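Student: Chain order of the listed sequences is F and A. Sequence positions in the first sequence follow this note's numbering and run -13 to 386. Sequence positions in the second sequence follow this note's numbering and run -13 to 386. Every residue, glycine too, gets a C-beta built ideally from N, C-alpha and C. From a predicted model like this one, the values you see are computed outputs, not experimental measurements. Provided herewith is a single structure, encoded as structure tokens, for subsequent inquiry.
2 protein chains.
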Amino acid sequence: MELDQIKQLVIPTPSKIVFVIIDGLGGVPHKKTGKTELEIADTPNLDKLAREGICGMAEPVALGITPGSAPGHLAIFGYDPLKFAVGRGILEAMGIEFDLKPGDVAARGNFCIVDDNSVITDRRAGRISTEQCAELCRLLDGMTIEKVSISVVPVREHRFVAVFHGADFSSALSDSDPQREGLEPKTVAALNPEAAKSARIVNKFIAQAREALAGWEPANMVLLRGFAHYPNFPKMSEVFGLKPAAIAAYPMYRGLAKVVGMDILPAGSTIEDEFCTLAEHYGTYDFFFLHIKRTDSAGEDGDFTGKVKIIEEVDRAIPKLTSLDPEVIVVTADHSTPAVLKGHSWHSVPFLLYSKLCRSDDVPEFSERACIHGALGRFPATEIMPLALANALKLKKFGA
Amino acid sequence: MELDQIKQLVIPTPSKIVFVIIDGLGGVPHKKTGKTELEIADTPNLDKLAREGICGMAEPVALGITPGSAPGHLAIFGYDPLKFAVGRGILEAMGIEFDLKPGDVAARGNFCIVDDNSVITDRRAGRISTEQCAELCRLLDGMTIEKVSISVVPVREHRFVAVFHGADFSSALSDSDPQREGLEPKTVAALNPEAAKSARIVNKFIAQAREALAGWEPANMVLLRGFAHYPNFPKMSEVFGLKPAAIAAYPMYRGLAKVVGMDILPAGSTIEDEFCTLAEHYGTYDFFFLHIKRTDSAGEDGDFTGKVKIIEEVDRAIPKLTSLDPEVIVVTADHSTPAVLKGHSWHSVPFLLYSKLCRSDDVPEFSERACIHGALGRFPATEIMPLALANALKLKKFGA
Chain F
-13 MELDQIKQLV
-3 IPTPSKIVFV
7 IIDGLGGVPH
17 KKTGKTELEI
27 ADTPNLDKLA
37 REGICGMAEP
47 VALGITPGSA
57 PGHLAIFGYD
67 PLKFAVGRGI
77 LEAMGIEFDL
87 KPGDVAARGN
97 FCIVDDNSVI
107 TDRRAGRIST
117 EQCAELCRLL
127 DGMTIEKVSI
137 SVVPVREHRF
147 VAVFHGADFS
157 SALSDSDPQR
167 EGLEPKTVAA
177 LNPEAAKSAR
187 IVNKFIAQAR
197 EALAGWEPAN
207 MVLLRGFAHY
217 PNFPKMSEVF
227 GLKPAAIAAY
237 PMYRGLAKVV
247 GMDILPAGST
257 IEDEFCTLAE
267 HYGTYDFFFL
277 HIKRTDSAGE
287 DGDFTGKVKI
297 IEEVDRAIPK
307 LTSLDPEVIV
317 VTADHSTPAV
327 LKGHSWHSVP
337 FLLYSKLCRS
347 DDVPEFSERA
357 CIHGALGRFP
367 ATEIMPLALA
377 NALKLKKFGA
Chain A
-13 MELDQIKQLV
-3 IPTPSKIVFV
7 IIDGLGGVPH
17 KKTGKTELEI
27 ADTPNLDKLA
37 REGICGMAEP
47 VALGITPGSA
57 PGHLAIFGYD
67 PLKFAVGRGI
77 LEAMGIEFDL
87 KPGDVAARGN
97 FCIVDDNSVI
107 TDRRAGRIST
117 EQCAELCRLL
127 DGMTIEKVSI
137 SVVPVREHRF
147 VAVFHGADFS
157 SALSDSDPQR
167 EGLEPKTVAA
177 LNPEAAKSAR
187 IVNKFIAQAR
197 EALAGWEPAN
207 MVLLRGFAHY
217 PNFPKMSEVF
227 GLKPAAIAAY
237 PMYRGLAKVV
247 GMDILPAGST
257 IEDEFCTLAE
267 HYGTYDFFFL
277 HIKRTDSAGE
287 DGDFTGKVKI
297 IEEVDRAIPK
307 LTSLDPEVIV
317 VTADHSTPAV
327 LKGHSWHSVP
337 FLLYSKLCRS
347 DDVPEFSERA
357 CIHGALGRFP
367 ATEIMPLALA
377 NALKLKKFGA
């Protein structure tokens, strides 16, 4: 169902929904044991929720498609990731918690080295330190070109973000980064006629950046790529009638939550801190997105045992959540990050929804193998939000 | 996901994918045993693949829809059969391995008998022999009308194919065949204004054919139907980055494979020959479509036991495939052809995918009943290709 259609059915109630998103939770069996991280982990509390709840396997984007973090989360928030895209430049800016405003256009940047013939000799300027990067950013930050002001903010090592603030600034711009050494940086081109002025401004910025960097030792040029607009998505309050809040330790996830209109709560530094934040602010909101990052990081590192331990840590925190007695609890992931693959993967993700009205199935535990046989089967992650709203009695009848 | 979107994610790798398509594999239980052909068949090798792989039930077109061979195969190749159509005239031409070129328009033809008032008295001209048909085709083959050259090629008995080769020849043409005796052949009409010239040419052809056949004993007229363009589909190399080859004993399947850009390999005359061809050419391609026809033929004949035997013959050949150790093996069908129905049917088809990364489910054997409980559930056959590409690590992440 489209967001517009769901919006027509929403009825506000005081009931509460909590989404616990265990990033990259899904796994692939380890050769030795034939079991996934979640299957090995000792998770009595999650298993109890699975037994009393309704389970299935959620498909973040589509069969075989490996989701990035943005599509994975947008799907869970109820926004079809094939329709609602967040561009690379914006995600990079979110990752450093840059305070993006509607209309902003962000690009990913590299400091690099060009020779006297303008040919790139090092795309990453020898991976300068983050401190050096910050120093170079200060040289470029705050320019105004044709009434467009430009922020240049360090990310890490040679990487920075350039944000263009100006009315009608377009993101329909090609990259200046040729993605190879031995070539000159490319002139940024307008990808449609309306973007001509924006392309001119970006090219002026690059020229002025080059002048400002001339003679600097570690890097003497910038490369820009992934121009993207700060998206203007409908807010969760508008489409789902919710008052939503996010508890996420990593900036990018807070940025994604902000895009759909969540308030951002302090996350603290541990998983327990996140659940404490939930308890503290429980009275103020009716929807919580609680994000666990470290399962994904362990998966990316190929640390099977580490991922198992973090899952167990989440499990130990679950009673803090259940003691609040929310009407609906969802536990799932934005995508799989199997330790054996050391990265995001296409595998569908285990899903559980607990509510007193869920009509539970006979899934005995929270695991990939068990959830396959859940009542929800394999289903699109975009359907999670309507199901949660329904279980919170926040949706009225469709049609007469 | 659309082909255009998948195309953006493709990364070429040397990994190999083999699709074994057992035509019409799906069955319906026999009254006496309560088991389908696949459930009765002794298939230890396919069962092992199912146990180590991931299973489900593939839906070629949609619930309740009985697919023809073209939609069934196009879906498996990743092409939505509701968007990518191959017309009847073209399929008939493929069936006799006519060397179709882009722009060609083909129609199915019957030799028939009309009386002195031009009324059809026998739509099939008494089912003349294929030899007689060939003789009559020679009378009509090779005409050129308004720069459009026309091939007339025998199929079987009274059936032939007419192929019109000319720039901008349209297939938006009505049939001349009224599909009933006691009526006159219809004038071919243009179904849109651009087709007017093509309609005129076809009607001239029919008039000239009538003159050429005048006084001939077995048939004195032609009927044309199912005008269709040779489709200009995106090739598998373009959209999936594959170097694909087809091993199929029947011309129509080779024709379908050619439409999506597969190279055609010699199939030999037995199932074992097909697997030998696979082994011989294994180094040259990274995608193989190996087609088994005789299961479908046995199903069409209502030969339950014959179909069981052919399934067992395929099973015995499977070690030839697994010994090649391809990264991904898919075994499924284009549609069901239950012997008890003596024809194609709407029943979803058993599906297995084997790869080291597939995250296997607990399906104990390859059968309709067992695959229902597979991790993939019942899913659209168009998603087979993205899933296979993912398991071969040929797709990068979607979104950041």
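What did DSSP end up calling F:Glu124 once you bin it into helix, strand or coil?
Tutor: Sequence check: residue 124 of chain F is Arg here, not Glu. It is helical.
Student: For F:Phe352 and F:Lys34, I'd like the C-alpha separation in whole angstroms.
Tutor: About 8 angstroms.
Student: Assuming F:Phe275 and F:Ala303 are in contact, meaning their beta carbons sit under 8 angstroms apart, how far apart are those beta carbons, in whole angstroms?
Tutor: The pair is not a contact, with the Cβ atoms about 15 angstroms apart (cut-off 8 angstroms).
Student: Sort F:Ala111, F:Pro372, F:Arg355 by Cα distance to F:Cys41 and report the nearest one.
Tutor: Taking only the C-alpha atoms, the option nearest F:Cys41 is F:Arg355.
Student: To the nearest angstrom, report how far apart F:Asp249 and F:Glu260 are at their CA atoms.
Tutor: Computed Cα separation, rounded: 15 angstroms.
Student: Can you name the residues of chain A whose CB is closer than 7 angstroms to the CB of F:Ala56?
Tutor: Ordered by position in chain A, the residues that pass the 7 angstroms Cβ test against F:Ala56 are Gly385, Ala386.
Student: Answer yes or no: do F:Tyr216 and F:Asp66 have a C-beta to C-beta separation smaller than 8 angstroms?
Tutor: No.
Student: Quick check on F:Tyr216: does DSSP put it in helix, strand or coil?
Tutor: Reduced to three states, the DSSP call for F:Tyr216 is coil.
Student: Quick check on A:Pro140 - is its C-beta less than 8 angstroms from some C-beta in chain F?
Tutor: Chain F, which has no Cβ nearer than 8 angstroms to the Cβ of A:Pro140, makes this no.
Student: Taking a Cβ distance cut-off of 9 angstroms, strictly less, list which residues of the region 349 to 365 of chain A are near chain F, in chain order.
Tutor: Against chain F - using a Cβ distance shorter than 9 angstroms - the residues of the region 349 to 365 of chain A are His359, Gly360, Ala361, Leu362, Gly363, Arg364, Phe365.
Student: Can you find a CB in chain F that lies within less than 8 angstroms of the CB of A:Glu38?
Tutor: It does not: the Cβ of A:Glu38 has no partner Cβ on chain F nearer than 8 angstroms.
Student: Give a yes or no on whether 8 angstroms exceeds the smallest Cβ distance from F:Thr52 to chain A.
Tutor: By this cut-off, F:Thr52 is an interface position.
Student: Name the chain F residues that come within less than 8 angstroms of A:Asp347, Cβ to Cβ?
Tutor: Near A:Asp347 (Cβ distances below 8 angstroms), the residues of chain F are Arg355, Ile358.
Student: Taking just the CA atoms, how far does A:Ile8 sit from A:Gly39?
Tutor: When rounded, the distance between both Cα atoms is 17 angstroms.
Student: Using the DSSP secondary-structure output, state which residues sit across from F:Ile340 in a beta bridge.
Tutor: Looking at the sequence itself, residue 340 of chain F is Tyr, so the reference to Ile does not match. According to DSSP, F:Tyr340 bridges with F:Ile315.
Student: Below 8 angstroms, can you find three or more Cβ-Cβ pairs linking the region 143 to 156 of chain F to the region 95 to 113 of chain F?
Tutor: Yes, the region 143 to 156 of chain F touches the region 95 to 113 of chain F.
Student: In this structure, does DSSP put A:Leu35 in helix, strand or coil?
Tutor: A:Leu35 falls in the helix class under three-state DSSP.
Student: Once the 5 residues before and after F:Leu177 are set aside, which same chain residues still bring their CB inside 8 angstroms of it?
Tutor: Closer than 8 angstroms at Cβ, skipping near neighbours: Ala158, Leu159, Ser160.
Student: Please tell me whether A:Ala376 has its Cβ less than 8 angstroms away from any Cβ of chain F.
Tutor: For A:Ala376, the answer is yes, since a Cβ of chain F falls inside 8 angstroms of its Cβ.
Student: Between F:His330 and chain A, is the shortest Cβ-Cβ distance under 8 angstroms, so that the two count as touching?
Tutor: True, the Cβ-Cβ gap to chain A drops below 8 angstroms.
Student: Measuring straight from C-alpha to C-alpha, what distance separates A:Leu264 and A:Leu307?
Tutor: If you take the alpha carbons of A:Leu264 and A:Leu307, they lie about 8 angstroms apart.
Student: Using DSSP with H/G/I as helix, E/B as strand and the rest coil, what is F:Met238?
Tutor: Reduced to three states, the DSSP call for F:Met238 is helix.
Student: In the structure shown, what three-state DSSP assignment does F:Thr323 receive?
Tutor: If DSSP states are grouped into helix, strand and coil, F:Thr323 belongs with coil.
Student: Tell me the DSSP secondary structure of F:Gly95 in three-state form.
Tutor: Note: F:Gly95 maps to strand in three-state DSSP.
Student: With distances taken between CB atoms, is the gap from A:Glu45 to A:Ser334 smaller than 8 angstroms?
Tutor: Yes, the pair counts as a contact, with Cβ atoms nearer than the cut-off.
Student: In terms of residue numbering, what span does the alpha helix (DSSP H) encompassing A:Ala376 cover?
Tutor: Segment 370 to 377, the alpha helix (DSSP H) holding A:Ala376.
Student: Show which residues of chain F have a CB atom less than 7 angstroms away from the CB atom of A:Leu373.
Tutor: Those are Leu49, Gly50, listed as they occur along chain F.
Student: Since F:Pro237 and F:Glu369 should fall inside the 8 angstroms C-beta cutoff, what is the C-beta to C-beta distance between them, to a whole number of angstroms?
Tutor: That pair is no contact at about 28 angstroms.
Student: Tell me the DSSP secondary structure of F:Arg355 in three-state form.
Tutor: It is helical.
Student: In whole angstroms, give me the CA-to-CA distance for A:Pro350 and A:Arg37.
Tutor: Whole-angstrom Cα-Cα distance: 5 angstroms.
Student: Evaluate F:Gln118 with the Cβ neighbour count: other Cβ atoms within 10 Å of its Cβ, from every protein chain shown; 16 or more gives buried, anything less gives exposed.
Tutor: Looking at its Cβ environment, which holds 16 or more other Cβ atoms inside 10 Å, F:Gln118 is buried.
Student: With respect to the alpha helix (DSSP H) encompassing A:Glu58, which residues constitute its N-terminal and C-terminal limits?
Tutor: Reading off the sequence shown, one finds Gly at residue 58 of chain A, where the question assumed Glu. It spans 55 to 62 - the alpha helix (DSSP H) in which A:Gly58 sits, taken as one unbroken run.
Student: Using a Cβ-Cβ distance cut-off of 8 angstroms, determine whether F:Ala234 contacts chain A.
Tutor: No, F:Ala234 lies away from the interface with chain A (no Cβ there is under 8 angstroms from its Cβ).
Student: Give the residues of chain F in contact with A:Glu369, contact being defined as C-beta atoms less than 7 angstroms apart.
Tutor: Ala48, Leu49, Gly50, listed in chain order.
Student: Please name the residue or residues paired with A:Phe384 in a DSSP beta bridge.
Tutor: For A:Phe384, which the question treats as bridged, DSSP gives the partners F:Pro53.
Student: Can you tell me the Cα-Cα spacing of A:Val316 and A:Asn377, whole angstroms?
Tutor: The straight-line gap from Cα to Cα measures roughly 11 angstroms.
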